[in-house]
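Comments concern the structure below.
Protein chains in written order, with our numbering: chain A, 8 to 146; chain B, 322 to 461.
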């Protein structure tokens with residue numbers, strides 16, 4: 008089995024606050040991440056694709072095509088945005104990096120179809136800071 | 322449950338991704354700058370992961386010094402500071418994409434790493450910090 012992973016970056020802000028909890032509960036649970044005006048991160052996104060290596064190209068997937076797709080479907084929607092206000096997926100969803108990983112997977116999955124032949128989406132990894140990594144795998 | 326141990330190594334080499342069966346334009350569309358005629362190089366990083374069970378006497382899955390030596394002999398020495406397409410088989414006929422290099426690293430190491438309590442689990446090849454390939458054999 009061959010898996011190819013490509014790494015991307017984007018910068019975005021968020022505030023962790025759940026409408027289902029009181030102000031105090033939010034402050035307790037999310038700490039600094041609950042500060043009212045939000046804050047930002049330089050996110051690192053790794054997208055892993057698995058599939059057979061094409062006999063002609065020697066590739067699992069065209070890097071150029073994957074870059075264009077991830078740029079269009081994910082990076083453009085998130086880069087230099089306030090996730091709570093600018094990204095509709097987070098209208099009713101707390102933009103924790105767990106939820107961000109799920110949203111990214113959904114965005115990538117939506118238009119995937121047969122755009123990349125036999126290559127399928129294998130994993131999504133979101134690094135919020137160098138100390139926090141969130142991974143969805145065997146998708 | 323099996324345990325995994327990983328040893329890392331590096332080599333620097335040049336390559337060109339170009340398929341003579343395709344036109345110049347097709348090659349550039351497919352490989353971009355990697356199709357340029359005189360090639361270019363990378364500092365490749367490989368991560369070699371073994372799966373196994375620690376030996377009750379030594380407490381080790383495998384002696385990492387021996388693993389380092391096998392990686393050096395089979396991969397680093399033949400590939401370091403070489404132009405892969407011209408100097409390292411099978412890249413005279415196999416396009417040295419990171420996918421194919423990862424598989425070749427696996428093919429060179431796997432026969433050397435068949436032990437009762439340890440075997441090769443995966444090879445990861447970084448072409449750059451932003452692109453890597455994992456290969457874990459043809460059948461898995």
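Beta carbons are placed, not taken as given, at the ideal position from N, Cα and C, and that holds for glycine. Quick caveat, the model's predicted, so the values are computed rather than measured.
Taking 6 Å as the limit between beta carbons, can you name the residues of its chain near residue 370(B), skipping five residues before and five after? So the list reads 325, 327, 442 and 443, once near-sequence residues are dropped.
Can you give me the C-alpha to C-alpha distance between residue 361(B) and residue 56(A), rounded to a whole angstrom? 25 Å
Could you please give the first and the last residue of the uninterrupted alpha helix (DSSP H) stretch that includes residue 35(A)? 30-37
Of all Cβ atoms in chain B, is any one closer than 8 Å to the Cβ of residue 8(A)? yes
Cβ-based neighbour list, residue 437(B), same chain, cut-off 8 Å, excluding 5 preceding and 5 following: Residues of the same chain with a CB within less than 8 Å of the CB of residue 437(B), apart from the 5 flanking positions on each side, do not exist.
Return the bridge partner residues of residue 404(B) from the DSSP annotation. DSSP, once it has assigned bridges, lists 335(B) as partnering residue 404(B).
On a CA-only basis, which of 30(A), 60(A), 29(A) and 36(A) is nearest residue 456(B)? Give me that one, please. 60(A)
Return no unless some Cβ of chain B is closer than 8 Å to the Cβ of residue 71(A). yes
Beta-carbon separation of residue 423(B) and residue 9(A) under 8 Å? Cβ atoms of residue 423(B) and residue 9(A): closer than 8 Å.
Which listed residue (382(B), 352(B), 391(B) and 417(B)) has its alpha carbon closest to that of residue 372(B): Considering only alpha carbons, the answer is 382(B).
Run through the DSSP bridge pairs and tell me what residue 322(B) is partnered with. Answer is none; residue 322(B) lacks a bridge partner.
Against chain A: residues of the stretch 439-459 of chain B by CB proximity under 7 Å: 450, 451, 452, 453, 454, 455, 456 and 457
Taking contact to mean 3 or more Cβ pairs, one atom from each stretch, closer than 8 Å, check whether the stretch 36-43 of chain A and the stretch 86-97 of chain A are in contact. These segments do not touch.
How close, in whole Å, do the beta carbons of residue 67(A) and residue 126(A) come, if the pair is a contact with beta carbons under 8 Å? 5 Å
Please work out which residues of its chain come closer than 8 Å, Cβ to Cβ, to residue 77(A), disregarding the five sequence neighbours upstream and downstream, and give them in chain order. 13, 15, 52, 54 and 115
Can you list, in chain order, the residues of its chain with a C-beta nearer than 7 Å to that of residue 25(A)? Leave out the 5 residues immediately preceding and following it. Closer than 7 Å at Cβ, skipping near neighbours: 33 and 101.
On a CA-only basis, which of 448(B), 431(B) and 447(B) is nearest residue 440(B)? Give me that one, please. Closest by C-alpha distance to residue 440(B), out of 448(B), 431(B) and 447(B), is 431(B).
Among the residues of its own chain, which have a CB less than 6 Å from the CB of residue 22(A), if the five just before and after it don't count? 45 and 91
Exposed or buried, residue 266(B), counting other C-beta atoms within 10 Å across all chains shown (16 or more means buried)? The question about residue 266(B) has no answer, for chain B in this structure spans 322 to 461.
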